[in-house]
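In the numbering used here, the protein residues as written are 1383 to 1625. As structure tokens, the structure follows; a few thoughts come after it.
Structural data, given as structure tokens:
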């Protein structure tokens, strides 16, 4: 633990690798349904952890960006193996359940904490913590949901435009290219909708650019994981055919 407190970049790399490793394992164990689960879980987790800010390599970012990595992996793998319609369905399902999360947490926060003497202190502290986590501003909700829906839909579209041009070759190009372009859209929308107005335009763009650096690196890191998942799946398919 002491090592990671002094080496935050190493912790970031480890977190991304663990996140992508779990995504590959979900695909291995549950196939297409596992990838749906990865999109939904990662999106909800990223929304919950999004307000947590940290500094990696001198750049400020949020845990939401770090925990977003397996969504790129899952939607691109769905696109590659199951087609555009399946990837877009996962994007829309993630969007729908994010809306459900926002609605249900806002309703939950309207309940007052227990005032019974034996639990009042604990109940008040938990309630205060949940308010901090889930009492989103309308600007944050609109910005994050809009950025996710538009950028991930754009990711699926770009992936298949590149696939149409390259056929089954150059998976690395469509995976990395679609992610880099779509996350530029995501970062720009989020920066303008969420930050511009709270800070000046130059600062909003600076915050967005810092986050894009991490998204760029994640797009590069996740490519070997997609190749590994597809090779793993191909070997399993051959083994099933031979048995």
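All C-beta atoms, glycine included, are put in the ideal place defined by N, C-alpha and C.
request  = Check whether the Cβ atoms of residue 1601 and residue 1562 lie closer than 7 Å to each other.
outcome  = yes
query = Which residues in the same chain as residue 1597 place their Cβ atom closer than 7 Å to its Cβ, once the five residues preceding and following it in sequence are excluded?
reply = Cβ-Cβ distances below 7 Å link residue 1597 to 1447, 1565 and 1569 in the same chain, with the five nearest sequence neighbours on each side left out; the list follows chain order.
message = Quick check: the segment 1478-1496 against the segment 1419-1426, are at least 3 beta-carbon pairs closer than 8 Å?
response = yes
ask   = Tell me the DSSP bridge mates of residue 1441?
value = Bridge partners of residue 1441: 1438.
ask   = Apart from the five residues on each side of it in sequence, which residues of its chain come closer than 6 Å, Cβ to Cβ, to residue 1464?
value = 1414
query = Which partner residues of residue 1581 appear in the DSSP bridge assignment?
reply = For residue 1581, the beta-bridge partners assigned by DSSP are 1578.
Contact set for residue 1443: own chain, Cβ-Cβ below 7 Å, skip 5 residues either direction = 1436, 1592, 1593 and 1596
request  = Out of 1546, 1412 and 1477, point me to the one whose CA is closest to residue 1533's CA.
outcome  = 1477
Backbone CA spacing between residue 1487 and residue 1522 [nearest angstrom] = 15 Å
ask   = In angstroms, rounded to a whole number, what distance separates the CA positions of residue 1517 and residue 1491?
value = 8 Å
ask   = Looking only at its own chain, which residues have a Cβ that is under 6 Å from the Cβ of residue 1572, when we skip the five neighbours before and after it?
value = 1525 and 1529
query = CB-CB under 6 Å to residue 1577, same chain, minus the five flanking residues each way: which ones, in chain order?
reply = 1586 and 1589
query = Helix, strand or coil for residue 1606 per DSSP?
reply = helix
inquiry  = Just to check my reading of the structure: residue 1472 and residue 1457 have Cβ atoms closer than 8 Å, yes? What is that Cβ distance to the nearest angstrom?
reply    = 6 Å
task = For residue 1545, I'd like the list of residues in its chain whose CB is within less than 8 Å of its CB, leaving aside the five on either flank, ordered along the chain.
result = 1461, 1462 and 1556
message = Measuring straight from C-alpha to C-alpha, what distance separates residue 1656 and residue 1501?
response = Any question about residue 1656 goes unanswered here, given that the chain covers just 1383 to 1625.
task = Report, in whole angstroms, the separation of the C-beta atoms of residue 1607 and residue 1404, which I expect to be a contact under 8 Å.
result = About 11 Å separates the Cβ atoms of residue 1607 and residue 1404, ruling out a contact at the 8 Å cut-off.
query = Smallest Cα separation from residue 1536: which of 1506, 1399, 1567 and 1580?
reply = 1567
ask   = Is residue 1550 helix, strand or coil when you go by DSSP?
value = Three-state DSSP puts residue 1550 in coil, outside helix and strand.
inquiry  = In this structure, how does DSSP classify residue 1389 when only helix, strand and coil are distinguished?
reply    = coil
message = Between residue 1449 and residue 1409, how many whole angstroms is the CB-CB distance? I'm expecting something under 8 Å.
response = So it is not a contact: roughly 18 Å between Cβ atoms.
task = Identify whether residue 1432 lies in helix, strand or coil by the three-state DSSP scheme.
result = In the structure shown, residue 1432 sits in coil (DSSP, three-state: anything other than H, G, I, E or B).
task = Less than 8 Å between the CB atoms is what I'm expecting for residue 1603 and residue 1400, so what's the real figure, rounded?
result = For residue 1603 against residue 1400, the beta-carbon gap comes to about 12 Å, at or over 8 Å, which does not count as contact.
task = Just confirm the distance between the C-beta atoms of residue 1474 and residue 1438, as a whole number of angstroms; I'd bet it's less than 8 Å.
result = That pair is no contact at about 31 Å.
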